[in-house]
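What follows is a set of notes on a single structure, which appears directly below.
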Amino acid sequence: MDHLSWDAYNESSDLGLQVELYRKRFGMLPKELQADKIYLGKVNRKQIKACHIDCYSHPLGRPPKEENDTHAQDKKRAIGERNEIEGTFGTSKRVYRANDIRAKLDNTADTWIGACFFAKNVMKFLRGLFCLFFAKSGIKSLKKRIINIIDGLAAVLAFPRGCTVEVN
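For the sequence shown, this note's numbering begins at 6 and goes up steadily by one.
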């Protein structure tokens, strides 16, 4: 979580910040960018183009009468990846109760949100680790059963809805 704010603001101005933070973390610019429509205004598109970052999105303005799309496969792949990313937020809200945070202080709510995503990442790591272990060991009969157990752990680690506590 690079920028978390409880004030009303337009988040489209954060794209430059995110690209710069990516450069600081990994030492290079991203090859491709997947973003919501709100991030793809004229200013951000110019910045993406100046940095030579690929962004397979719909162009601004009226759609052309004849479809002449040279990047159709890349767009289809990017849309699929974007849908998967959006799905993880829905899972975080539903399974890890990120939508049921009832903290009065901003810092406490920020901590709860971070804990929800931390728990989700730990479960994803464990699932990948077990899948790798079973793929290497050749025991495929237990793989599905173990994955179901790990997915069940998510419900155990998440707080039940009745147990949320409001903090003053």
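For every residue, glycine included, the Cβ atom is placed at its ideal position computed from N, Cα and C.
Model, not experiment: these values are computed from the prediction.
Over the uninterrupted alpha helix (DSSP H) stretch that includes residue i, give me the two end residues.
| i | result |
| --- | --- |
| Lys81 | Ala77 to Arg99 |
| Tyr27 | Leu20 to Phe31 |
| Ile118 | Asp111 to Ser142 |
| Asn49 | Lys47 to Ala55 |
Could you compute how far the alpha carbon of residue i sits from the alpha carbon of residue j?
| i | j | result |
| --- | --- | --- |
| Ile106 | Ala114 | 7 Å |
| Leu20 | Ser142 | 43 Å |
| Asn104 | Lys98 | 5 Å |
What is the DSSP secondary structure of residue i, counted as helix, strand or coil?
| i | result |
| --- | --- |
| Glu71 | coil |
| Cys168 | The predicted model places Cys168 with a pLDDT of 37, which falls under 50 and marks its position as unreliable, so this point remains unresolved. |
Just mark residue i as buried or exposed, buried being the case when its beta carbon has 16 or more other beta carbons within 10 Å.
| i | result |
| --- | --- |
| Ala124 | buried |
| Ile84 | exposed |
| Ala55 | exposed |
| Tyr44 | buried |
| Ile53 | buried |
Mind checking if residue i is an interface residue toward chain B, Cβ cutoff 9 Å exclusive?
| i | result |
| --- | --- |
| Ile58 | The chain inventory of the structure shown lacks chain B, comprising one protein chain alone. |
- [ ] Say whether the region 6–13 touches the region 27–41, bearing in mind that this needs 3 or more beta-carbon pairs closer than 8 Å, one atom from each stretch.
- [x] Taking 8 Å as the limit for Cβ pairs, the verdict is that the region 27–41 does not touch the region 6–13.
TODO: Evaluate contact between the region 54–73 and the region 88–95, counting only Cβ atoms and requiring at least three cross-stretch pairs below 8 Å.
DONE: Flag = no, the region 54–73 and the region 88–95 do not touch.
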